[in-house]
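Data first, discussion second: the structure below is written as structure tokens.
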Amino acid sequence: MRRDIEENMMMLLGVINSKYGGFVRHRCQGLLRNLNALIKLLEELLVHQNNFIELYPTMSSTFCEKQLPLEYKEFQKIVSTTMRQMKVLINPVKGLAAEATMSLLTGNNKQFESIHKKLGAFLEKKRLQFQRFYFMEDL
536 MRRDIEENMM MLLGVINSKY GGFVRHRCQG LLRNLNALIK LLEELLVHQN
586 NFIELYPTMS STFCEKQLPL EYKEFQKIVS TTMRQMKVLI NPVKGLAAEA
636 TMSLLTGNNK QFESIHKKLG AFLEKKRLQF QRFYFMEDL
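Next comes the structure, spelled out in structure tokens:
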């Protein structure tokens with residue numbers, strides 16, 4: 536998908552730089568900005584999905600709900616806000632280029648990193664208490 540978007544961007548750059556593209560240059564520049572925003576958003580969404588897939592099995596368990604209640608609630612809040620935002624995105628080009636979605640994904644990724652660090656600290660503490668967990672790896 537990214538390759539297709541980049542090919543379209545190169546075609547738009549060709550039209551913008553052409554001496555015959557004067558009457559559509561402004562519209563092509565707008566499309567180019569939207570495609571750039573779309574690529575950035577898709578990259579951020581990919582990071583978000585990877586973080587979610589990595590943390591979901593652990594953070595949705597009742598064990599985490601009892602042992603890490605703050606992180607559990609934070610994770611559930613991230614999931615609910617993300618699901619609500621994704622339902623709003625009906626028109627992909629207009630919706631995905633929105634700054635609100637980008638800032639939401641960026642904020643969620645920072646929260647995912649925070650949860651991941653706290654989970655790692657929790658596992659390290661358990662490894663020190665129980666030697667048999669020493670060989671258990673982090674997420």
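Terminal number for the sequence shown in my numbering: 674, no gaps in between.
Beta carbons: idealized from backbone N, C-alpha and C, even for Gly.
- Closer than 6 Å by C-beta to Lys-608: which residues in its own chain qualify, once you throw out the five before and the five after it? Chain order, please. Locating residue 608 in the sequence shown gives position 73, counting from the first residue. Sequence-distant partners of Lys-608 (beyond 5 residues in either direction) whose C-beta falls short of 6 Å from its own C-beta are missing from its chain.
- Message: Report the CB separation of Ile-540 from Leu-573 in whole angstroms; it is logged as a contact under 8 Å.
- Response: In the sequence shown, residue 540 corresponds to position 5, counting from 1. In the sequence shown, residue 573 corresponds to position 38, counting from 1. About 6 Å separates the beta carbons of Ile-540 and Leu-573, which is inside the 8 Å limit, making them a contact pair.
- Query: Residue range of the alpha helix (DSSP H) that Ser-595 falls in?
  - Reply: In the sequence shown, residue 595 corresponds to position 60, counting from 1. Careful: Ser-595 lies outside any alpha helix (DSSP H) and carries neither H nor E.
- Message: Whole angstroms are fine: how far does the CA of Pro-604 sit from the CA of Glu-579?
- Response: The sequence position of residue 579 within the sequence shown is 44, counting from 1. The sequence position of residue 604 within the sequence shown is 69, counting from 1. Distance from the CA of Glu-579 to the CA of Pro-604, rounded to the nearest whole angstrom, comes to 27 Å.
- Task: Would you kindly check if the distance between the Cβ of Asn-543 and the Cβ of Leu-570 is under 8 Å?
- Result: In the sequence shown, counting from the first residue as 1, residue 570 sits at position 35. In the sequence shown, counting from the first residue as 1, residue 543 sits at position 8. One thing to note: Leu-570 has its Cβ within 8 Å of the Cβ of Asn-543.
- Item | Span separating the alpha-carbon of Leu-639 from that of Glu-606 | Position 104 of the sequence shown, counted from the first residue, corresponds to residue 639. Position 71 of the sequence shown, counted from the first residue, corresponds to residue 606. Near 18 Å, if we compare the C-alpha coordinates of Glu-606 and Leu-639.
- Query: In this structure, does DSSP put Gly-484 in helix, strand or coil?
  - Reply: Here the chain comprises residues numbered 536 to 674, so residue 484 is not present and cannot be evaluated.
- Item | CB of His-561 within 8 Å of CB of Asn-643, strictly | Here residue 561 refers to the residue found at position 26 when the sequence shown is read from its first residue. Here residue 643 refers to the residue found at position 108 when the sequence shown is read from its first residue. No, these two residues do not count as a Cβ contact at 8 Å.
- Query: From Leu-576 to Gln-611, what does the alpha carbon distance come to, in whole angstroms?
  - Reply: Locating residue 576 in the sequence shown gives position 41, where the first residue counts as 1. Locating residue 611 in the sequence shown gives position 76, where the first residue counts as 1. It is roughly 22 Å from the alpha-carbon of Leu-576 to the alpha-carbon of Gln-611.
- Rounded to whole angstroms, what's the CA-CA distance from Phe-598 to Arg-568? Just pull it up for me. Numbered from its first residue, the sequence shown carries residue 598 at position 63. Numbered from its first residue, the sequence shown carries residue 568 at position 33. Answer to the nearest angstrom: the Cα atoms are 45 Å apart.
- Query: Which term fits Phe-647, buried or exposed, when burial requires 16 or more other beta carbons within 10 angstroms of its beta carbon?
  - Reply: Locating residue 647 in the sequence shown gives position 112, counting from the first residue. Buried.
- What did DSSP end up calling Met-536 once you bin it into helix, strand or coil? Here residue 536 refers to the residue found at position 1 of the sequence shown. DSSP places Met-536 outside both helix and strand once states are collapsed to three, so it counts as coil.
- Can you round the beta-carbon distance between Phe-657 and Gln-602 to whole angstroms, since I take them to be within the 8 Å contact cut? In the sequence shown, counting from the first residue as 1, residue 657 sits at position 122. In the sequence shown, counting from the first residue as 1, residue 602 sits at position 67. The C-beta separation of Phe-657 from Gln-602 comes to about 7 Å, placing the pair in contact by the 8 Å criterion.
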